[in-house]
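What the sequence shown shows, in mature numbering (1 follows the signal peptide of the UniProt record, and there is no 0), is residues -20 to -1, 1 to 217, in sequence order.
Structure, as structure tokens:
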Amino acid sequence: MRVLVCVVFVGGLLMDCAKTQATTATVAELKEAAEKYEGDIPCLAVDCDCAFRSSTCCCGNADLKSLRDQVIETFQNVSEKINQLKDEIHQVIAPVNVAFTAYLGGNTNCFGPFEKNVSIPYDVIPLNEGSGYNSILGLFTAPVSGVYSFSLSVYSRLQQAGAHMYYKVQLMRNGLPEVSTWEDNSEDMEDSSSHTVLLSLQQGDQVYAELVQDRRLCGNIQGLNSFSGYLVYPMSA
């Protein structure tokens, strides 16, 4: 009985050994055949030499390299566009401080009348944030495009009873009137009026207050004849 078991066991080992030797021989033969092969190995649409003799050869290498280059180029383009968009957003939402207020200094003389319309040179400037207002010319130049709020206050006092109150001041944009305030009567010794308006301006647009020809402002009390404005919000040009 023991002899039979040993025979079977030894027989199994011999069979396994024979299979191993056959497999080793097959691999060796395939390797030798591959090394001796001189033809081209087809790799789909890629025409390249993929013999085992080159350890770095890969049939898909050309496609992978091309794909990698495309991905890198795409990321670079996206990155540039993102940076450009950031700059544009910053220009739009970045805080822009534009505000001014100006008024005529106190005097007892009249401003006007003139033979033509004249811009009012408000000469006292408590505030000029953004440097948009020019006191010499009496006009505001928009430093940025946007919606602006402007306020105009007008005051006049007659020099003697029974005189004629006669004034008209208009707010101008680029030489054209937007709004106006006026008074024409012989009943009041003094009078005042005001106006506020929102205007959409482009960078470089000019706004100023103008006294109409043959009208006058008299007896000005400091601060009552004023012109002011500020940027409500910026807009892209």
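Note that the Cβ used here is the ideal one computed from N, Cα and C, for glycine as well.
Model, not experiment: these values are computed from the prediction.
Check for me: the beta strand (DSSP E) holding residue i runs from which residue to which?
i: SER206; result: 206 to 214
i: TYR147; result: 145 to 153
i: ASN108; result: 104 to 109
i: ARG137; result: 126 to 137
i: LEU197; result: LEU197 -> no beta strand (DSSP E), and no H or E assigned at all.
i: PHE80; result: 79 to 83
i: LEU119; result: 119 to 121
So, under 8 angstroms CB-CB, residue i and residue j are touching, yes? Tell me the CB distance rounded to an integer number of Å.
i: LEU179; j: PHE130; result: 6 angstroms
i: LEU191; j: ILE100; result: 6 angstroms
i: GLN139; j: GLY199; result: 6 angstroms
i: ARG137; j: GLU163; result: No, ARG137 and GLU163 are not in contact; Cβ-Cβ is about 11 angstroms, not under 8 angstroms.
i: TYR83; j: ASN205; result: 6 angstroms
i: LYS148; j: ARG195; result: 5 angstroms
i: VAL78; j: GLU109; result: 6 angstroms
i: VAL127; j: VAL212; result: 4 angstroms
Can you tell me whether residue i is buried or exposed? The criterion is at least 16 other CB atoms within 10 Å of its CB, across all chains shown.
i: PRO214; result: buried
i: SER46; result: exposed
i: ASN187; result: The amino acid occupying residue 187 in the given sequence is Val; Asn does not appear at that position. Classification for VAL187: buried.
i: LEU65; result: exposed
i: LEU156; result: exposed
i: LEU44; result: exposed
i: ALA122; result: buried
i: PHE91; result: buried
i: SER216; result: exposed
i: ALA25; result: Residue placement at ALA25 is poorly supported in this model, since its pLDDT is 45, which falls under 50; the coordinates still yield a value, given next. The residue in question, ALA25, is exposed, as its Cβ has fewer than 16 Cβ neighbours within 10 Å.
In chain order, what residues of the same chain have a beta carbon less than 6 angstroms from the beta carbon of residue i, not counting five sequence neighbours either side?
i: VAL124; result: VAL76, GLN183 and PRO214
i: THR81; result: PRO106, LEU107 and SER208
i: SER173; result: VAL134 and THR161
i: ASP103; result: GLY85 and SER115
i: ASN97; result: GLU190, VAL192 and GLN193
i: ASP168; result: MET145
Tell me which residues share the same chain as residue i and place their Cβ nearer than 7 angstroms to its Cβ, disregarding the 5 neighbours each side in the sequence.
i: VAL177; result: PHE130, LEU151, GLU158 and VAL159
i: ASN154; result: ASP185 and GLN186
i: PHE55; result: none
Excluding the 5 residues preceding and the 5 following residue i in the sequence, name in chain order all residues of the same chain whose CB lies nearer than 8 angstroms to its CB.
i: ALA189; result: SER99, ILE100, TYR102, GLY118, LEU132, VAL149, GLN150, LEU151, MET152 and PHE207
i: ALA13; result: none
i: LEU181; result: ALA122, SER125, GLY126, VAL127, TYR128, ARG153 and VAL187
i: PRO93; result: GLN193, ASP194, ARG195 and ARG196
Hey, would you say the C-beta of residue i is under 8 angstroms away from at least one heavy atom of the ligand ZN?
i: GLN64; result: With respect to small molecules bound, the structure shown includes none, and the ligand ZN cannot be examined in it.
Checking contacts by CB at 9 angstroms: is residue i closer than that to chain C?
i: GLN183; result: Of the protein chains in this structure there is only one, and it is not chain C.
Item to complete: Go through the region 164 to 188 residue by residue and report every complete run of the alpha helix (DSSP H) that reaches 4 residues or more, in order.
Response: With a minimum length of 4 residues, no continuous alpha helix (DSSP H) run stays inside the region 164 to 188.
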